[in-house]
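Visitor: First residue of the sequence shown: 6, per my numbering; consecutive thereafter. Here a beta-carbon is modelled for each residue, glycine too, at the ideal position from N, C-alpha and C.
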Amino acid sequence: MTAPIDFDRLWIKDYPDLGTGPVSTEPCISAEYFEAERERVFSKVWLKAGRVEQLPNPGDYFVLDIAICKASVILVRGNDGQIRAFHNVCMHRGNKLIWDHEKTGNLRSFSCRFHGWSFALDGSVRAVPDEKMFYSLDKDNCGLRPVALDQWEGFLFINLDPQPKETLKAFLGDLGEHLSGYPYAEHSNCYSYRAELNANWKVCLDAFSEAYHVLMVHGQTVGQANFSRENPMSHCFDVQLYERHRRAVVYGNPKFQPSPTGKVAAQFGYTSTVRGRGMDTLPPQINPERRPEYNFNLCAIFPNFMIQVRPGEYFTHQFWPLDHNRTIWEGRNYLPPAKNAGERFSQEYSHTVRRNAWLEDTSAMEATHAGLSSGALREFQLSDPEILVRHGYKVLEDYVGFFRERTARAGAAR
Ligand code: FES
Ligand SMILES: [Fe+2]
6 MTAPIDFDRL
16 WIKDYPDLGT
26 GPVSTEPCIS
36 AEYFEAERER
46 VFSKVWLKAG
56 RVEQLPNPGD
66 YFVLDIAICK
76 ASVILVRGND
86 GQIRAFHNVC
96 MHRGNKLIWD
106 HEKTGNLRSF
116 SCRFHGWSFA
126 LDGSVRAVPD
136 EKMFYSLDKD
146 NCGLRPVALD
156 QWEGFLFINL
166 DPQPKETLKA
176 FLGDLGEHLS
186 GYPYAEHSNC
196 YSYRAELNAN
206 WKVCLDAFSE
216 AYHVLMVHGQ
226 TVGQANFSRE
236 NPMSHCFDVQ
246 LYERHRRAVV
256 YGNPKFQPSP
266 TGKVAAQFGY
276 TSTVRGRGMD
286 TLPPQINPER
296 RPEYNFNLCA
306 IFPNFMIQVR
316 PGEYFTHQFW
326 PLDHNRTIWE
336 GRNYLPPAKN
346 AGERFSQEYS
356 HTVRRNAWLE
366 DTSAMEATHA
376 GLSSGALREF
386 QLSDPEILVR
396 HGYKVLEDYV
406 GFFRERTARA
416 GAAR
């Protein structure tokens, strides 16, 4: 028998240094803050770029555009089986090698559309038309410019810093350890959604970083599986704040009764509304007590990536800033390939429930950003269940130093 959960526990007691005061809204609306994020965050840290399953064969590639860094990166599997990353820039006069209409595919080499230079899958120069007319061209130094790439549990991460300050393993730290061992590779069936939103990327991230909104936003739909008499406001439990990353367990009501369709779907799999089943499919450190109230682990990897793991599926969010007031949101739901029609039905049901919840989640983002842009609200009022949001702004400011430098300037001017 596991001990009852204290749903009204205040997590700030574990993290008193975070403080309890209001948090400035300026990072969400300031173009200056956005510039600092470009230089000090997105150009410096490891960013999730994709999954190894996207590149099963030599020559498979995809392109990732990182607008905030004005960068475009090719990830490609070479003939030696190794995956590499390169700037999507021809080393003759800078043309984009892969254009927007062909962002994924399979190639034996990369060929530039401007003057025809071609590059092997390992980035080396393969051919230069009319080479004799160049003056002592050093082809060994004209290979595609590499981008640092590393893998964790089949996730491909890149780092635009030519000399990353730390390894991906060190960057992911304890959260990487905590999330290890989940059978990510077996969940190769990916459903994805993408939307460009008129909102700052943190407005989008924050909306997925707390369960305070569950009653209002999802109360008539999936939310009913996420609160109960014991936990009416859907408080998370097992909150962990790391140096840069953060996680919390989202509550699921073990007594929730699914709809008739949901009940049928539950007969064939661990659907997104069924609670308390399939816990042994999780690695031992995730939900170690095998609590039936476990819904999913809500994990935010700094700066712009989230992974949520639960029995039978995991899902991710990523937020790509286009400008201080525009963001691409990508939501992906990963399921194992269905083995029979029953499993397929169960998965489709589960996936549809999740998709609908995401539509509800994204519905308030643009309106929130519009409200912030008006300047009427200078500070967020954050409750204890919004501690992940609070932590996010603290970690970001540690990198950006916007307020720190402003205070220093003000002190110097006195
Ligand atoms: S810019 Fe690519 S071949 Fe000239
Ligand atoms: Fe939500």
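Compute every distance between the C-beta of G200 and the non-hydrogen atoms of ligand 2, then say whether any falls below 7 Å.
Guide: The residue asked about is misnamed: residue 200 is Ala in this sequence, not Gly. A200: no, Cβ never under 7 Å from ligand 2.
Visitor: If you count every other CB in all the chains shown that lies within 10 Å of the CB of L80, and 16 or more means buried, which is it?
Guide: L80 should be labelled buried.
Visitor: Can you tell me whether D366 sits near ligand 2, meaning its C-beta is under 7 Å from at least one heavy atom of the ligand?
Guide: Under cutoff, so the answer is yes.
Visitor: Going by the CB atoms, is the gap between M370 and L202 shorter than 8 Å?
Guide: Their beta carbons are under 8 Å apart, which means L202 touches M370 by this criterion.
Visitor: Do you know how far the Cα of V78 is from the Cα of R89?
Guide: Their Cα atoms are separated by approximately 10 Å.
Visitor: Cα-Cα, which of N93, R315 and W334 is closest to P293?
Guide: When only C-alpha atoms are compared, the closest one is R315.
Visitor: Assuming M284 and R295 are in contact, meaning their beta carbons sit under 8 Å apart, how far apart are those beta carbons, in whole angstroms?
Guide: The pair is a contact, with the Cβ atoms about 4 Å apart (cut-off 8 Å).
Visitor: Determine the extent of the beta strand (DSSP E) in which C304 is found, giving its start and end residues.
Guide: Per DSSP, C304 belongs to the beta strand (DSSP E) from Y299 to I306.
Visitor: Relative to the alpha-carbon of L165, which residue among Y354, W325, E44 and W206 has its alpha-carbon at the smallest distance?
Guide: Residue E44 is the option with its Cα nearest to L165.
Visitor: For H356, which residues in the same chain have their Cβ closer than 6 Å to its Cβ, ignoring the five residues on either side in sequence?
Guide: So the qualifying residues of the chain are Y196 and N338.
Visitor: Looking at the secondary structure, which residues open and close the alpha helix (DSSP H) in which N361 lies?
Guide: N361 -> alpha helix (DSSP H) spans A346 to S368.
Visitor: Assign E335 to one of three DSSP states: helix, strand, or coil.
Guide: If DSSP states are grouped into helix, strand and coil, E335 belongs with the strands.
Visitor: Assuming V405 and V46 make a contact with CB atoms under 8 Å, what is their CB distance in whole Å?
Guide: That pair is a contact at about 7 Å.
Visitor: With burial defined as no fewer than 16 other Cβ atoms inside 10 Å of the residue's Cβ, what is the status of T174: buried or exposed?
Guide: Residue identity differs from the one stated: residue 174 is Lys in this sequence, not Thr. When all chains shown are included, K174 counts as exposed.
Visitor: Closest to T76 by CA distance: which of S48, D127 and N345 is it?
Guide: Per the sequence shown, residue 76 should be read as Ala rather than Thr. Considering only alpha carbons, the answer is S48.
Visitor: Ordered along the chain, which non-local residues of its own chain (more than five positions away) have a Cβ less than 8 Å from that of N361?
Guide: Excluding residues within five positions, the ones whose Cβ falls inside 8 Å are T226 and V227.
Visitor: Under the assumption that E298 contacts V28 (Cβ atoms under 8 Å), give the Cβ distance between them as a whole number of angstroms.
Guide: That belief does not hold up - the Cβ atoms of E298 and V28 are roughly 29 Å apart, past 8 Å.
Visitor: Just checking H240 against ligand 2 - is the residue's beta carbon closer than 7 Å to any of the ligand's heavy atoms?
Guide: Flag unset: Cβ of H240 not near ligand 2.
Visitor: Tell me the DSSP secondary structure of S378 in three-state form.
Guide: Helix at S378.
Visitor: Alpha carbon to alpha carbon, what distance is there between K344 and V254?
Guide: Roughly 29 Å between the two C-alpha positions.
Visitor: Would you check whether ligand 2 has a heavy atom nearer than 7 Å to the C-beta of V269?
Guide: False, no ligand heavy atom lies under 7 Å from that Cβ.
Visitor: Does at least one heavy atom of ligand 1 sit under 7 Å from the Cβ of F408?
Guide: Answer for F408: no, Cβ out of range of ligand 1.
Visitor: Nearest to E58 by alpha carbon, out of E37, G86 and I73?
Guide: Considering only alpha carbons, the answer is G86.
Visitor: Grab the span of the alpha helix (DSSP H) containing C209 for me, first residue to last.
Guide: First-last of the alpha helix (DSSP H) with C209: W206 to A212.
Visitor: Could you check whether the stretch 374-391 touches the stretch 202-212, counting it as contact only if at least three pairs of C-beta atoms, one from each stretch, sit closer than 8 Å?
Guide: Because the criterion of three Cβ pairs below 8 Å is met, the stretch 374-391 and the stretch 202-212 touch.
Visitor: What's the call for A190, buried or exposed, on a 16-neighbour Cβ count within 10 Å?
Guide: Answer is exposed; the Cβ neighbour count stays below 16.
Visitor: With distance defined between alpha-carbon atoms, name the residue in S35, G397, V222 and F162 nearest to M238.
Guide: If we check each option's Cα against that of M238, V222 comes out closest.
Visitor: Would you call the stretch 53-67 and the stretch 346-354 touching, i.e. three or more CB-CB distances under 8 Å?
Guide: With the cut-off at 8 Å, the stretch 53-67 and the stretch 346-354 do not touch.
Visitor: Confirm, please, whether the CB-CB distance from E391 to Y217 is below 8 Å.
Guide: Going by C-beta atoms, Y217 is nearer than 8 Å to E391.
Visitor: Tell me the residue span of the alpha helix (DSSP H) that contains R409.
Guide: From DSSP, the alpha helix (DSSP H) with R409 extends over F407 to A418.
Visitor: If you compare alpha carbons, which of R251, A204 and S193 is closest to P341?
Guide: When each option's Cα is compared against that of P341, the closest is S193.
Visitor: Closer than 8 Å by C-beta to R98: which residues in its own chain qualify, once you throw out the five before and the five after it? Chain order, please.
Guide: Counting only Cβ-Cβ distances below 8 Å, and skipping sequence neighbours, we find F119 and H120.
Visitor: Counting only runs of 3+ residues fully inside the stretch 76-102, write out the beta strand (DSSP E) ranges in chain order.
Guide: Those beta strand (DSSP E) runs which fall completely within the stretch 76-102 and span 3+ residues are 76-82 and 88-92.
Visitor: On the criterion of 16 or more Cβ atoms from any shown chain inside 10 Å, does H106 qualify as buried, or is it exposed?
Guide: H106 is exposed by the Cβ-count criterion.
Visitor: Measuring straight from C-alpha to C-alpha, what distance separates H329 and T321?
Guide: Roughly 22 Å between the two C-alpha positions.
Visitor: Return yes when at least one heavy atom of ligand 2 lies under 7 Å from the C-beta of A372, else no.
Guide: Every heavy atom of ligand 2 is 7 Å or more from the Cβ of A372, so no.
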